[in-house]
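Below is one structure, written out as structure tokens; the observations come after it.
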Amino acid sequence: RLAEQYPTREFALQYRESDFAFVSRLMEHWGIAFSFEHGTRDRVIFTDSNPAMLDIACWRGPSLESGAEGDAPENPSAAAGTTTTLQFTQFGGSEEAAPNSVVEHTRRTQRVPARFATQDYNYRLPHVRLEAEHSVHPEGDGRVVEHGLHPKLPEEVAYFAKIRAELIGCGRTLHRGTTGSLLMRAGGSFRLHPDSEGCDTSLLVHRVEFRLQGGFSARFYAQPLDVTYRPALLTPRPSVAGYLSGVIQGEDSARPNLDEQGRYQVVFNCEDHRADEHRPARRMRMLQSHAGPNYGMHFPLKPGTEVAVGFMNGDPDRPFIAGALPNPLTPSPVRAERSNVRRNVIQSMNGVRIELDDGRG
5 RLAEQYPTRE FALQYRESDF AFVSRLMEHW GIAFSFEHGT RDRVIFTDSN
55 PAMLDIACWR GPSLESGAEG DAPENPSAAA GTTTTLQFTQ FGGSEEAAPN
105 SVVEHTRRTQ RVPARFATQD YNYRLPHVRL EAEHSVHPEG DGRVVEHGLH
155 PKLPEEVAYF AKIRAELIGC GRTLHRGTTG SLLMRAGGSF RLHPDSEGCD
205 TSLLVHRVEF RLQGGFSARF YAQPLDVTYR PALLTPRPSV AGYLSGVIQG
255 EDSARPNLDE QGRYQVVFNC EDHRADEHRP ARRMRMLQSH AGPNYGMHFP
305 LKPGTEVAVG FMNGDPDRPF IAGALPNPLT PSPVRAERSN VRRNVIQSMN
355 GVRIELDDGR G
């Protein structure tokens, strides 16, 4: 039930994290939430807009009254447009929470920034300023700026500014309550009429705690339904400290495989793969000691060369080649068996050689 069209990612590295953590942080990054709907056929629902989150009554399979089953493809066990209404009833302390009422309800409002801004840099478009700003709340204070959300294009940076502003905004007003309704679930909406202040409030539930001590009760945490929900950034992004080893790839082992930007195809040695399985490669820039417009220094690397891969700001999705590493298959031109350890050697792949001898004169 996604409303937006999302770009295909050029590269995403799962690094020292579970599959669930990897998928969770990617969805949180793009503002995508997930919830469950149970019925004749249980399903995981991925959403990026409030209309896709159905009423809390739309999860059940068997009818609580008649025992009948129903599970329509997009709206299980409830008619389209169903709105469940619960009524606030002051809890007396002795009776159990009624199934159609909310016995405890509080609303908390907190200050939020007025605006959110983000900026970043894409080396593929160095002349384009990737920056955008979006309103959080007209009654907010100040401005929050975040760098490094990894947009590739101006429309992406504008989207990130929007969803981060919505993420901050959905925390401005928070509702908490307790009910005996068996329908209560995260990812569903309902109407609270009246609430503890006598108002008519439509809520979107994002967290539920079920309790069975002294009878059934469900404590819910919700926000106003008319405020766009974005999942909190709870899953930590791993930071790569140091380097990972990789190997230059190419179909012709005798010829460097460079693209129009001078980048190499690299595969990581830590990737899980079979010996006969195709290994996906990522194009990477190589760090140079000198660079400029059509000048600089670059010694091309052949396929099969081992490289050390670093990561910009530790971000696993922003790799670059930090340097080449010799090994027994691609040995250094200076080593003990050649008795040239006091010589400084530059040797090209075709044998062109520059040698500075630091031996005794």
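Numbering (the numbering used here), first residue to last: 5 to 365.
We put the CB at the ideal spot given by N, CA and C, even for glycine.
Thinking residue 356 and residue 349 are a contact (beta carbons under 8 Å), I'd like their distance in whole angstroms, please.
-> Residue 356 sits at position 352 when you count from the first residue of the sequence shown. Residue 349 sits at position 345 when you count from the first residue of the sequence shown. Residue 356 to residue 349, Cβ: 11 Å. No contact.
When the Cα atoms are used, what is the spatial distance from residue 276 to residue 284?
-> Locating residue 276 in the sequence shown gives position 272, counting from the first residue. Locating residue 284 in the sequence shown gives position 280, counting from the first residue. Distance between the alpha carbons of residue 276 and residue 284: 11 Å.
For residue 353, which three-state DSSP category applies?
-> On the sequence shown, position 349 is the one that residue 353 refers to. Coil, per DSSP.
Flag this pair as yes or no: are the beta carbons of residue 193 and residue 54 separated by less than 9 Å?
-> Walking along the sequence shown from the start, residue 193 turns up at place 189. Walking along the sequence shown from the start, residue 54 turns up at place 50. If you check the CB distance, residue 193 and residue 54 come in under 9 Å.
For the putative contact between residue 195 and residue 206, defined by C-beta atoms under 8 Å, what is the C-beta separation to the nearest angstrom?
-> Here residue 195 refers to the residue found at position 191 when the sequence shown is read from its first residue. Here residue 206 refers to the residue found at position 202 when the sequence shown is read from its first residue. Contact holds; Cβ gap of about 5 Å.
Quick one: Cα of residue 220 to Cα of residue 214, how far?
-> What you label residue 220 is simply residue 216 of the sequence shown in a count that begins at 1. What you label residue 214 is simply residue 210 of the sequence shown in a count that begins at 1. CA-to-CA, the gap between residue 220 and residue 214 works out to about 7 Å.
Are the CB atoms of residue 211 and residue 190 nearer to each other than 9 Å?
-> Residue 211 sits at position 207 when you count from the first residue of the sequence shown. Residue 190 sits at position 186 when you count from the first residue of the sequence shown. With respect to the 9 Å criterion, residue 211 and residue 190 are classified as neighbours on the basis of their beta carbons.
If you compare alpha carbons, which of 216, 56, 10, 47 is closest to residue 233?
-> By one-based count along the sequence shown, residue 233 stands at place 229. It is 56.
Name the two residues that bound the continuous beta strand (DSSP E) containing residue 293.
-> Residue numbering aside, residue 293 sits at position 289 when the sequence shown is read from its first letter. Boundaries for residue 293: no beta strand (DSSP E) harbours it, and the DSSP string shows neither H nor E there.
Can you tell me which of 157, 47, 133, 199 puts its alpha carbon nearest to the alpha carbon of residue 13?
-> Against the sequence shown, residue 13 aligns to sequence position 9. For residue 13, the closest alpha carbon among the candidates 157, 47, 133, 199 is that of 157.
Are there three or more Cβ pairs, one per stretch, closer than 8 Å when the stretch 123 to 142 is compared with the stretch 161 to 176?
-> With the cut-off at 8 Å, the stretch 123 to 142 and the stretch 161 to 176 touch.
Taking the DSSP output, what are the residues bridged to residue 270?
-> The residue labelled residue 270 in the question sits at position 266 within the sequence shown. Answer by DSSP bridge pairing, in chain order: 252, 286.
Would you check if the distance between the CB atom of residue 122 and the CB atom of residue 140 is smaller than 9 Å?
-> For the purposes of this step, residue 122 is identified with residue 118 of the sequence shown, where counting begins at 1. For the purposes of this step, residue 140 is identified with residue 136 of the sequence shown, where counting begins at 1. Annotated as distal: residue 122 and residue 140, with beta-carbon spacing of 9 Å or more.
Among 87, 238, 296, nearest to residue 24 - alpha-carbon criterion = As a position in the sequence shown, residue 24 is number 20, starting the count at 1. Among 87, 238, 296, the Cα nearest to that of residue 24 belongs to 238.
Touching or not, the stretch 325 to 340 and the stretch 303 to 311, by the rule of three or more beta carbon pairs under 8 Å?
-> Contact between the stretch 325 to 340 and the stretch 303 to 311 is present, with at least three C-beta pairs closer than 8 Å.
For residue 163, name the three-state secondary structure that DSSP assigns.
-> Locating residue 163 in the sequence shown gives position 159, counting from the first residue. It is helical.
What residues are listed by DSSP as bridge partners for residue 214?
-> As a first step, residue 214 must be located in the sequence shown, where it is residue number 210. Residue 214 is bridged to 222.
At what residue ranges does the stretch 93 to 178 contain a whole run of the beta strand (DSSP E), taking only runs of 3 or more?
-> Segments of the beta strand (DSSP E) lying fully in the stretch 93 to 178: 105 to 113, 119 to 124, 134 to 139, 147 to 151.
How close, in whole Å, do the beta carbons of residue 302 and residue 266 come, if the pair is a contact with beta carbons under 8 Å?
-> What you label residue 302 is simply residue 298 of the sequence shown in a count that begins at 1. What you label residue 266 is simply residue 262 of the sequence shown in a count that begins at 1. Contact holds; Cβ gap of about 7 Å.
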